[in-house]
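Protein chains in written order, with this note's numbering: chain A, 27 to 278; chain B, 27 to 278.
Positions of the beta carbon are idealized from the N, C-alpha and C atoms, including for glycine.
There are 2 protein chains.
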Amino acid sequence: MKLVFLGAGRLATQLAKACKANKHEIRQIYSQTEDSAKTLADLTGADYTCNLSDINEDADIYIYAVADKALENLISNISFNKGLHVHTAGSIPSDVFENHQNRYGVFYPFQTFSKEKTVDFSIIPILLETKNKADYLFLENFAGTLSNQVLSCSSDQRKAVHLSGVFACNFTNHMYRLAADIIKDAGLPFEILLPLIDETAAKVHEMEPAKAQTGPAIRYDLNVIEKHLSMLSDYPEMQELYELLSKQIHKM
Amino acid sequence: MKLVFLGAGRLATQLAKACKANKHEIRQIYSQTEDSAKTLADLTGADYTCNLSDINEDADIYIYAVADKALENLISNISFNKGLHVHTAGSIPSDVFENHQNRYGVFYPFQTFSKEKTVDFSIIPILLETKNKADYLFLENFAGTLSNQVLSCSSDQRKAVHLSGVFACNFTNHMYRLAADIIKDAGLPFEILLPLIDETAAKVHEMEPAKAQTGPAIRYDLNVIEKHLSMLSDYPEMQELYELLSKQIHKM
């Protein structure tokens, strides 16, 4: 498949690397930031441009991987109407392309990306939506070269998936951070948390989170909960969070 | 080492299995619940008893792995004073044994345990404390046969470690649960969350959680945050949590 990437951030970088590894031809990287465009172009053997009017018009798929707030403006500034145009944003409906393109859709890899850390794309769920049925098969065929888990997903479903990701990734990482702060304050290394973090994630491969729950909150062990709350008395924000979460876990 | 286990729950089960696999001799399992005692005794080739007065008095180490609220009572009902007595509780100081035993301490494996899911004990941090210096070396030697990560840890430090575990495990699992609820409500399978859950855990092996954070909260992308809050309008508890966490992540 001949591809053009619009955007050169974390998602674009990992996706472009996976496309390259799977023998797709990356024609061009567009980014407003020349450094980013050049870096990703070098990584993937593509050309690059920072100029919207220089975007190659002969690609099969145009993959928009820019910040949500930049997407609408970028779409409205693409002057040609050729190829299949897909964005990669969880919270934005596919019809953001309406009035600008005939063939459009969404290609949403449900994962968190870093620029440096290479991820195994073959296990990442890719959620697809297209305006036209024929394009769905086309996009599904492309996605299937990258991942073993390709699903159809409406714009409303994708919004929910994105929201669930905030809990499973961003909020979870915040829990790791608070745990790290407590461990370090106690003069111990963060690394002693890693086996627990890994096992907590591994457990939900074998049983649902609702069944995997342990700890003082689910037992509603008020003796331990009170001790913990008093240990957090110098950290009112953590204390508030501890209390709220313990109540919710107990109630569920 | 000749061992007696007092308790036959999740921790006792996994620890006794690891001890057995490392050629320690498990003399006896004590539990108030005959079924549990018998099951673990069968698993490890040990005798069992439900009677405190029948506890074998010739073991090297007595490992107390019972619920926090049962521990003090159990300790005060052990009538002999021989061997090294250790408990496995995060929040209870070691001197709970004072007035009952001369040789005592704490053996705290920092991990979450299930009865069924076997864990790799060799990577679990084991945090030790003893009353007597000589017993520390004795306990360290024993712990070293099970794990590559044995650390000295005071009762105060252990309390902090336990608290950090509530964030890294129990509260994290609660985030998984809320994410699962959202995904299922959208008519999609929970399993599409697993690669994201795994990657979020894997990331903090390579960078600190504070640096690994992504998502709308750290960008303080009010557009997405507002959309998410309105999607949660039928779930006031999740909405409250979402708002609190987003503010905290942004502030940090």
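Report the CB separation of residue i from residue j in whole angstroms; it is logged as a contact under 8 Å.
i	j	result
A:Ser62	A:Ala34	4 Å
B:Phe147	B:Leu110	In fact, because the Cβ distance is near 19 Å, the residues do not count as touching under 8 Å.
B:Cys195	A:Leu214	Between A:Leu214 and B:Cys195 the Cβ distance is about 16 Å, and since that is not below 8 Å, they are no contact.
A:Gly131	A:Glu155	5 Å
A:Ile150	A:Gln175	7 Å
A:Glu266	B:Leu270	7 Å
B:Met201	A:Thr198	5 Å
A:Pro242	B:Val192	7 Å
A:Ala206	A:Leu220	10 Å between Cβ atoms; not a contact.
Which same chain residues end up closer than 7 Å to residue i when comparing Cβ atoms and leaving out the 5 residues on each side of it in sequence?
i	result
B:Leu100	Leu32, Tyr90, Val92
A:Ala115	Asp94, Leu97
B:Gln22	Chain B is shown only over 27 to 278; residue 22 of chain B falls outside these bounds and no answer can be derived.
A:Met264	Leu204, Leu258
B:Tyr246	His276
A:Ser102	His126
A:Lys64	Tyr74
A:Lys229	Ala238
What residue from the options has the CA that sits closest to residue i's CA?
i	options	result
B:Ala72	B:Ala38, B:Asn199, B:Glu98	B:Ala38
A:Lys108	A:Tyr134, A:Pro119, A:Ile81, A:Ser120	A:Ile81
A:Ser173	A:Val145, A:His276, A:Asn158, A:Phe216	A:Val145
A:Met278	A:Lys253, A:Asp260, A:Thr240	A:Thr240
B:Ser178	B:Phe193, B:His188, B:Phe197, B:Leu153	B:Leu153
B:Lys159	B:Arg129, B:Met27, B:Tyr202	B:Arg129
B:Glu124	B:Val112, B:Asn48, B:Glu142	B:Val112
B:Ser120	B:Tyr162, B:Asn249, B:Phe168	B:Tyr162
A:Pro135	A:Tyr268, A:Tyr261, A:Arg36, A:His276	A:Arg36
B:Pro235	A:Arg203, A:Phe197, A:Glu142	A:Arg203
B:Lys253	A:Asp182, A:Thr70, A:Ile55	A:Asp182
A:Met257	B:Ala205, B:Ser117, B:His231	B:Ser117
B:Arg184	A:Thr70, A:Lys210, A:Ser180, A:Cys45	A:Lys210
B:Glu217	A:Asp68, A:Asp84, A:Ser190	A:Ser190
A:Ala47	A:His231, A:Thr65, A:Leu69	A:Leu69
B:Tyr88	B:Lys64, B:Ser272, B:Arg53, B:Val122	B:Arg53
B:Glu232	A:Gly170, A:Phe168, A:Thr226, A:Lys143	A:Lys143
A:Lys49	A:Lys229, A:Thr171, A:Glu83	A:Thr171
A:Ala44	A:Lys141, A:Ala206, A:Ala227, A:Asp224	A:Lys141
Under 8 Å Cβ to Cβ from residue i, same chain only, skipping five residues before and after it: list those, please.
i	result
A:Thr59	Ala34, Cys76
A:Ile244	Ile275, His276
A:Ser79	Ser105
A:Val187	Gly116, Tyr134, Phe136, Leu153, Cys179
A:Val250	Pro242
B:Leu66	Phe31, Ala34, Ala38, Thr39, Ala42, Ile55, Ser57, Ala72, Tyr74
Checking contacts by CB at 9 Å: is residue i closer than that to chain E?
i	result
A:Asn199	Of the protein chains in this structure, namely A and B, none is chain E.
Just curious, the beta strand (DSSP E) that residue i is in, first and last residue?
i	result
A:Tyr290	Outside the shown range of chain A, which is 27 to 278, sits residue 290 of chain A, and nothing can be said about it.
A:Ile150	Where A:Ile150 is concerned, there is no enclosing beta strand (DSSP E), given that its DSSP letter is neither H nor E.
A:Lys28	28–32
B:Thr70	First-last for B:Thr70: 60–70, but that is the alpha helix (DSSP H), not the beta strand (DSSP E).
B:Leu189	That residue, B:Leu189, is in no beta strand (DSSP E); its alpha helix (DSSP H) goes 181–191.
B:Gln265	Note, B:Gln265: premise wrong, no beta strand (DSSP E); alpha helix (DSSP H) at 262–277.
B:His111	110–113
A:Asp73	73–75
B:Ile52	51–56
B:Val176	176–178
A:Ile89	87–90
What are the start and end residues of the alpha helix (DSSP H) that includes residue i?
i	result
A:Thr198	198–211
B:Gly170	159–170
B:Ser102	94–102
B:Ile218	No alpha helix (DSSP H) contains B:Ile218, which DSSP labels as neither H nor E.
B:Met257	248–257
A:Thr39	36–47
B:Pro235	235–238
B:Pro242	242–245
Beta-carbon within less than 6 Å of residue i's beta-carbon, same chain only, minus the 5 sequence neighbours each way: which residues are those?
i	result
A:Glu51	Lys28
A:Gln40	Phe139, Val145
A:Phe168	Met27
Looking at chain B, which residues of the region 181–197 of chain A have a Cβ within less than 9 Å of any of its Cβ atoms? Taking 9 Å as the cut-off between beta carbons, the residues of the region 181–197 of chain A near chain B are Asp182, Gln183, Arg184, Lys185, Ala186, Val187, His188, Leu189, Ser190, Gly191, Val192, Phe193, Ala194, Cys195, Asn196, Phe197, in sequence order.
By the 9 Å beta-carbon criterion, what residues does the region 228–242 of chain B contribute toward chain A? From the region 228–242 of chain B, only Ala228, Lys229, Val230, His231, Glu232, Met233, Glu234, Pro235, Ala236, Ala238, Gln239, Thr240, Gly241, Pro242 have a Cβ closer than 9 Å to chain A.
Going along the region 76–94 of chain B in order, which residues come within less than 9 Å of chain A, judged by CB to CB distance? Under the 9 Å Cβ criterion, the region 76–94 of chain B contributes Ala93, Asp94.
Short of 7 Å Cβ to Cβ, which residues in the region 142–159 of chain A face chain B? Here the close residues are Lys143, Val145, Ile149, Ile150, Pro151.
Selection of the region 246–259 of chain A by Cβ proximity to chain B, strictly under 8 Å: Legend: CB atoms of the region 246–259 of chain A lying less than 8 Å from CB atoms of chain B belong to residues Asp247, Asn249, Val250, Lys253, His254, Met257, Leu258.
What residues in the region 264–277 of chain A have a beta carbon less than 9 Å from any beta carbon of chain B? Flagged, chain order: Met264, Glu266, Leu267, Tyr268, Leu270, Leu271, Ser272, Lys273, Gln274, Ile275, Lys277.
Residues of the region 30–55 of chain A with Cβ closer than 9 Å to any Cβ of chain B, in chain order: Result list: Arg36.
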